[in-house]
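S.K.: With numbering that gives the first Met the number 0, the residue at position 124 of the sequence shown is 123, and numbering never jumps.
Don't be surprised by glycine CBs; every beta carbon is placed ideally from N, CA and C.
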Amino acid sequence: MQSLIRLYFQMPLFLRLLTTVLFTMSLFGLIIHIIEPQNFPTFFDGLWWAFVTGATVGYGDYVPLSATGKIIAILLILSGGGLLTFYMATVSASTVKHEHDLSEGKVAFKGSDHLVIIGWNERTRHLINMLDAQNLHERIVLIDQSMNQLLDNHSSVHFVRGSATNEEILEQANLNEARMAIITADPSLEEEHSDQAVIHQIVSLKGHHPGLFIIAEVLTERQKINAERAGANTVIRSNDFMSSLFYQELYRNDPVKPFELLLGLLTERQFHEEKIKEDLAGKSIMNAFQHFLKDHYQIIGIKKGEDLSFDLHPDIVLEEGDVLVVFSPLRK
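#1: Is the beta carbon of His-153 closer than 9 Å to that of Asp-131?
#2: What does the alpha-carbon distance come out to for the pair Tyr-58 and Leu-16?
#3: Determine which residues share a DSSP beta bridge with Leu-114 and list them.
#4: Go through its chain and collect everything with a Cβ distance to Trp-119's Cβ below 7 Å, but skip five positions before and after it.
#5: Whole angstroms is fine: what's the gap from Lys-331's alpha carbon to Glu-190's?
#6: Using a Cβ-Cβ cutoff of less than 7 Å, which residues in the same chain neighbour Ile-201 once the five nearest sequence positions on both sides are dropped?
#7: Answer with buried or exposed for Thr-18, where buried requires no fewer than 16 other C-beta atoms within 10 angstroms of its C-beta.
#8: From which residue to which residue does the beta strand (DSSP E) around Ser-242 run?
#9: Roughly how many angstroms separate the alpha carbons of Gly-210 and Ala-280, rounded to a whole number?
#10: Is the region 94 to 108 in contact with the region 65 to 76, if contact means three or more CB pairs nearer than 8 Å?
#11: Helix, strand or coil for Glu-277, going by three-state DSSP, please let me know.
#12: Taking only runs of the beta strand (DSSP E) that begin and end inside the region 277 to 320, which ones reach a length of at least 3 residues, in chain order?
#13: If we ignore side chains and look at the alpha-carbon of each, how far apart do Glu-278 and Gly-320 end up?
#14: Going by DSSP, name the residue or residues bridged to Val-62.
#15: Could you tell me the distance, in whole angstroms, from the CA atom of Gly-161 to the CA atom of Ile-168?
#16: Are there 16 or more other CB atoms within 10 angstroms of the CB of Phe-39, so buried, or fewer, so exposed?
#17: Go through its chain and collect everything with a Cβ distance to Lys-205's Cβ below 8 Å, but skip five positions before and after it.
#18: Which one or two residues does DSSP pair with Gln-200 in a beta bridge?
#19: Using a Cβ-Cβ cut-off of 8 Å (strictly less than) and excluding sequence neighbours within five positions of Ile-275, which residues of its own chain qualify?
#20: Quick check on this structure: which residue in Leu-29, Ala-163, Ala-49 and Pro-63 has the alpha carbon closest to the alpha carbon of Gly-333?
#21: Are the beta-carbon atoms of Ser-155 and Glu-176 separated by less than 9 Å?
#22: Tell me, please, which residues DSSP counts as bridged to Val-20.
#23: Taking Ile-213 as part of the beta strand (DSSP E), name the residues at either end of that continuous run.
#24: Run through DSSP, which three-state label would Lys-331 get?
#25: Output yes or no for whether 9 Å exceeds the beta carbon distance between Phe-27 and Ile-71.
#26: How would you write the range of the beta strand (DSSP E) that Arg-160 sits in, first residue to last?
#27: With distance defined between alpha-carbon atoms, name the residue in Ala-66, Lys-302, Leu-311 and Ser-25 nearest to Met-285.
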């Protein structure tokens, strides 16, 4: 008996209330069935009457007629009615609290094979919008400590508030079941401090999940090697990219606008590699252009061994094992 009582109080509040409601309604249903078997022929009839009366609905299809039965009904209304009301209020309050905790990043993520993004900024927002626009159905866990709650309405994003260097936060994000992680640089910090924070986060993620594929953003060239040593699989130097764009814009020929051109290109297409197979080996690269154009692929470069070249000309002869760098439609 003591073990059952101990088990009862160890259950979550919701289950305790549900168990109490079921027990109370069953008890009153059994009592009224025993007291007035002619009006409540079966236990289920008594149980139905107990729930209807306790919920103050009162259909009137089953009614106690004896004085004892009416006293039982009064006790049911006094006890069971309040209990059911309290149960419904608790369920409602728990639902509201769960939604509130979810928006404030306090609820643990239970899924798997998800994408973890660290840091909320305009780059992160645009990436999530791109994923939504392409209907890729990525399950995303966003880790950020600068926001009090996630204001943007993204059904695919689960927000976890905290630092990615905190072991409890990584557990809450279920990092061990994640497929990939993206670490963005913090624009509010100085460049050196931002890169150090990124490297610290890489070490934390690799320590928690050694096999995790990590894409990391750094702002300075000298920290690229440190990010790779820390365990990042891909390091993006955003400042170098922006400098190249500034250069292209500075010396562009009107009316071409490099930034809008590149942004549109990367929004609609993606880089992809295609190995040369036997049917194209020994042929001119012009044959490859015609072959891949059928699938809307555009060749922009070729890799022969470790040498990558963007200087394409008709005299290039393809060999088996060569790799073509192409722009392909975004994957669906």
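M.R.: Taking the coordinates as given:
#1: yes
#2: 25 Å
#3: Its beta-bridge partners are Ile-139 and Met-179.
#4: These residues qualify, in order along the chain: Leu-141, Asp-143, Ser-145 and Met-146.
#5: In this prediction, Lys-331 has a pLDDT of 48, which is less than 50 and means its spatial position is unreliable; what the coordinates show is noted afterwards. About 35 Å.
#6: Ile-182, Ile-213, Ala-215, Ala-226, Ala-229, Gly-230 and Ala-231
#7: Thr-18 comes out exposed.
#8: From DSSP, Ser-242 is part of no beta strand (DSSP E) but of the alpha helix (DSSP H) over 237 to 249.
#9: 36 Å
#10: no
#11: coil
#12: Within the region 277 to 320, the beta strand (DSSP E) runs of at least 3 residues that lie entirely inside it are, in chain order, 297 to 303 and 306 to 308.
#13: This sequence places Asp at residue 278; Glu is not what is there. Cα to Cα, the separation comes out at about 12 Å.
#14: DSSP, once it has assigned bridges, lists no residue as partnering Val-62.
#15: Looking at the backbone, the Cα of Gly-161 and that of Ile-168 are separated by about 6 Å.
#16: buried
#17: Leu-211, Ile-213, Ala-229 and Gly-230
#18: DSSP output for Gln-200 lists no bridge partner at all.
#19: These residues qualify, in order along the chain: Ala-287, Leu-317, Glu-318, Glu-319, Gly-320, Asp-321, Val-322 and Leu-323.
#20: Residue 333 lies beyond the residue range present for the chain, which begins at 0 and ends at 331; the question has no answer from this structure.
#21: One thing to note: Ser-155 has its Cβ no nearer than 9 Å to the Cβ of Glu-176.
#22: Partner(s): none; Val-20 has no beta bridge.
#23: 212 to 217
#24: Only weak support is given to the placement of Lys-331: the predicted model assigns it a pLDDT of 48, under 50, and the value that follows is read from those uncertain coordinates. Correct three-state label for Lys-331: coil.
#25: yes
#26: From DSSP, the beta strand (DSSP E) with Arg-160 extends over 156 to 160.
#27: Leu-311
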